[in-house]
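Let me begin by presenting the structure, written as structure tokens, before commenting on it.
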Amino acid sequence: MPAVLLLHYPLPPDHYPLAAMNFIDLKSQYRRIKPSVDARIARVLEHGQYILGPEVLELERVLAEFVGTKHCIAASSGTDTLLIALMALDIGPGDEVITVPFTFFATGEMIALAGAKPVFVDIDPRTYNLDPAKLEAAITPRTKAVMPVSLYGQCADFDAINAIAGRHGLPVIEDGAQSFGATYKGRHSCGLSLVGSTSFFPSKPLGGYGDGGALFTDDEALATRMREIRVHGQDRRYHHPRLGLNGRLDSIQAAVLLSKMEIFADEVAARIRIGARYTALIEEAFAGATSRVRAPYVEPHNACVYAQYTVEVDRREIVETRMKALGVPTAVHYPLPMHLQPVFAHLGQKEGTFPHSEAAARRVISLPMHPYLAEADQVKVVAALKEATAE
Ligand SMILES: Cc1ncc(COP(=O)(O)O)c(C=O)c1O
1 MPAVLLLHYP LPPDHYPLAA MNFIDLKSQY RRIKPSVDAR IARVLEHGQY ILGPEVLELE
61 RVLAEFVGTK HCIAASSGTD TLLIALMALD IGPGDEVITV PFTFFATGEM IALAGAKPVF
121 VDIDPRTYNL DPAKLEAAIT PRTKAVMPVS LYGQCADFDA INAIAGRHGL PVIEDGAQSF
181 GATYKGRHSC GLSLVGSTSF FPSKPLGGYG DGGALFTDDE ALATRMREIR VHGQDRRYHH
241 PRLGLNGRLD SIQAAVLLSK MEIFADEVAA RIRIGARYTA LIEEAFAGAT SRVRAPYVEP
301 HNACVYAQYT VEVDRREIVE TRMKALGVPT AVHYPLPMHL QPVFAHLGQK EGTFPHSEAA
361 ARRVISLPMH PYLAEADQVK VVAALKEATA E
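Structural data, given as structure tokens:
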């Protein structure tokens, strides 16, 4: 079986090659929720309302209650939800939207796809999130929204960002694709600003068995617009006051997500515990070793869900190669910041414009992370990291 097929088509467990360690482990989770998920999927197959069926409505209720917003609009992906939010705020050509250069490509991509110009603000190097101290200087008369990212599962500083945006009458859209389940000062990610967006890509803290995403807001009129845009901009069947897209969620994905919500609080607690254990192990292993590895910094007011457990190292390429040889899978999120992507070259922001984003892109490396990671495996990962970062 070619390796590429193994990546795309999960096979029964006994057909998997004996991996040294998984970067994420969706099989253990499936074993845990199998009776629930199988029953819910079977119900969808019986009733036959495959798109925006009753499971989608139920999921929207469950998620809105979890986040604490009046409205949840489930949609086709965490990319489409960003575009839907921007379109619902009438953002388009001639407008500017502020975001960070250090994020997954979709954040800047959807701003540009909406027709607006992405304007980048550098990150706080400790949290990798938008530095509020740099926000005001980036606001111009053309700015129409601010779109901070809650990277790696830790919320950006929304009180500070909302206060600055509020002074300028700007809406704030949280790209919470990686932070569903995280809290900021006790409040849930996606409910921290006018609109929150998340992703249900399988590897996300709340992931489906395919693509999916959701939007959250308390604003009734905005919720209505986002619902309309989700289905071709129609306000009733075959009547289109605006343009939209096919941004609908499948009922089978909603069924899967409802099953996963049954164990989500427990998985979030496990992620927090496992993240803290990694940090303690790293601090112990590298004590006195003049910081060859930097563990993640989490603000005291944040609970991070560690969509990624990401550390910083010197000479990353060497560390990656050595970790692979030691049987520990790693990944880099993300190697090239937005302003240095070829498609944004016309913005004219050369290397050196956003030093913290550029340094992070050169130095970050993510370790295996999922709620079922055993302590013994974490010990192995950190031992491998020590070996891989040795002179
Ligand atoms: C920060 C961020 N924004 C947006 C997205 C897009 O989400 P999706 O893959 O569901 O389209 C992702 C997912 O990888 C992400 O990490």
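Residue numbers (my numbering): 1 to 391.
Every residue, glycine too, gets a C-beta built ideally from N, C-alpha and C.
All values reported here derive from a predicted model rather than from experimental measurement.
Residue burial classification, residue i (beta-carbon count within 10 angstroms, cutoff 16)
{"i": "Met-243", "result": "Correcting the residue type first, residue 243 is Leu in the shown sequence and not Met. With fewer than 16 Cβ atoms within 10 Å of its Cβ, Leu-243 is classed as exposed."}
{"i": "Lys-70", "result": "exposed"}
{"i": "Asp-90", "result": "exposed"}
{"i": "Gly-213", "result": "buried"}
{"i": "Asp-250", "result": "buried"}
{"i": "Gly-208", "result": "buried"}
{"i": "Glu-284", "result": "exposed"}
{"i": "His-8", "result": "Low per-residue confidence applies at His-8: pLDDT is 35, beneath 50, and the placement is therefore not dependable, though the value from the model is reported in the following sentence. His-8 comes out exposed."}
{"i": "Arg-31", "result": "exposed"}
{"i": "Val-343", "result": "exposed"}
{"i": "Asn-246", "result": "exposed"}
{"i": "Thr-183", "result": "buried"}
{"i": "His-370", "result": "buried"}
{"i": "His-346", "result": "exposed"}
{"i": "Thr-140", "result": "exposed"}
{"i": "Arg-237", "result": "exposed"}
{"i": "Lys-144", "result": "buried"}
{"i": "Leu-45", "result": "exposed"}
{"i": "Ile-318", "result": "exposed"}
{"i": "Ala-390", "result": "exposed"}
{"i": "Glu-136", "result": "exposed"}
{"i": "Gly-153", "result": "buried"}
Three-state secondary structure assigned by DSSP to residue i
{"i": "Ser-251", "result": "helix"}
{"i": "Ala-374", "result": "coil"}
{"i": "Phe-264", "result": "helix"}
{"i": "Glu-174", "result": "strand"}
{"i": "Thr-353", "result": "coil"}
{"i": "Ala-390", "result": "coil"}
{"i": "Arg-236", "result": "strand"}
{"i": "Val-231", "result": "strand"}
{"i": "Phe-66", "result": "helix"}
{"i": "Ile-365", "result": "strand"}
{"i": "Leu-215", "result": "strand"}
{"i": "His-71", "result": "strand"}
{"i": "Ala-3", "result": "Reliability of the predicted coordinates at Ala-3 is poor, the pLDDT of 36 falling under 50, and the value obtained from them is presented with this limitation in mind. Reduced to three states, the DSSP call for Ala-3 is helix."}
{"i": "Ile-24", "result": "coil"}
Whole-angstrom distance between residue j and residue i, CA atom to CA atom
{"i": "Asn-302", "j": "Leu-63", "result": "20 angstroms"}
{"i": "Ile-33", "j": "Lys-260", "result": "7 angstroms"}
{"i": "Leu-47", "j": "Ala-255", "result": "As written in the sequence, residue 47 is His, which differs from the Leu given in the question. Each residue's alpha carbon lies about 12 angstroms from the other."}
{"i": "His-356", "j": "Ile-123", "result": "6 angstroms"}
{"i": "Leu-385", "j": "Thr-127", "result": "21 angstroms"}
{"i": "Asp-211", "j": "Gly-288", "result": "44 angstroms"}
{"i": "Ala-138", "j": "Val-146", "result": "10 angstroms"}
{"i": "Ala-223", "j": "Ile-274", "result": "36 angstroms"}
{"i": "Arg-392", "j": "Asp-314", "result": "In the structure displayed, the chain extends from 1 to 391; residue 392 sits before or after that span and is not available."}
{"i": "Ala-133", "j": "Val-56", "result": "40 angstroms"}
{"i": "Ser-203", "j": "Leu-26", "result": "8 angstroms"}
{"i": "Pro-205", "j": "Ala-307", "result": "6 angstroms"}
{"i": "Cys-190", "j": "Ile-98", "result": "18 angstroms"}
{"i": "Arg-43", "j": "Ser-36", "result": "11 angstroms"}
{"i": "Ala-156", "j": "Pro-148", "result": "7 angstroms"}
{"i": "Glu-358", "j": "Asp-131", "result": "14 angstroms"}
{"i": "Gly-169", "j": "Thr-103", "result": "25 angstroms"}
{"i": "Gln-234", "j": "Arg-225", "result": "9 angstroms"}
{"i": "Gly-186", "j": "Glu-65", "result": "15 angstroms"}
{"i": "His-240", "j": "Leu-52", "result": "19 angstroms"}
{"i": "Ala-265", "j": "Thr-107", "result": "27 angstroms"}
Contact test: residue i Cβ vs ligand 2 heavy atom, cutoff 7 angstroms
{"i": "Gln-178", "result": "This structure simply doesn't include ligand 2; it includes ligand 1 instead."}
Check whether residue i and residue j have beta carbons under 8 angstroms apart
{"i": "Tyr-334", "j": "Tyr-309", "result": "no"}
{"i": "Glu-109", "j": "Arg-142", "result": "no"}
{"i": "Tyr-50", "j": "Ile-282", "result": "no"}
{"i": "Ala-88", "j": "Thr-81", "result": "no"}
{"i": "Ile-173", "j": "Ser-150", "result": "no"}
{"i": "Val-195", "j": "Thr-217", "result": "yes"}
{"i": "Glu-320", "j": "Arg-294", "result": "no"}
{"i": "Val-332", "j": "Val-364", "result": "yes"}
{"i": "Gly-68", "j": "Ala-177", "result": "no"}
{"i": "Asp-175", "j": "Ser-197", "result": "yes"}
{"i": "Val-118", "j": "Met-338", "result": "Just to set this straight, residue 118 is Pro in the shown sequence, not Val. Yes."}
{"i": "Leu-83", "j": "Ala-39", "result": "no"}
{"i": "Leu-340", "j": "Glu-351", "result": "yes"}
What are the start and end residues of each continuous beta strand (DSSP E) run of 3 or more residues lying completely inside the segment 114-199, in chain order?
117-120, 143-146, 173-175 and 195-199
Go through the segment 278-326 residue by residue and report every complete run of the alpha helix (DSSP H) that reaches 4 residues or more, in order.
316-325
Could you give the uninterrupted runs of the alpha helix (DSSP H) lying entirely in the segment 73-99, keeping only those of 4 residues or more?
78-88
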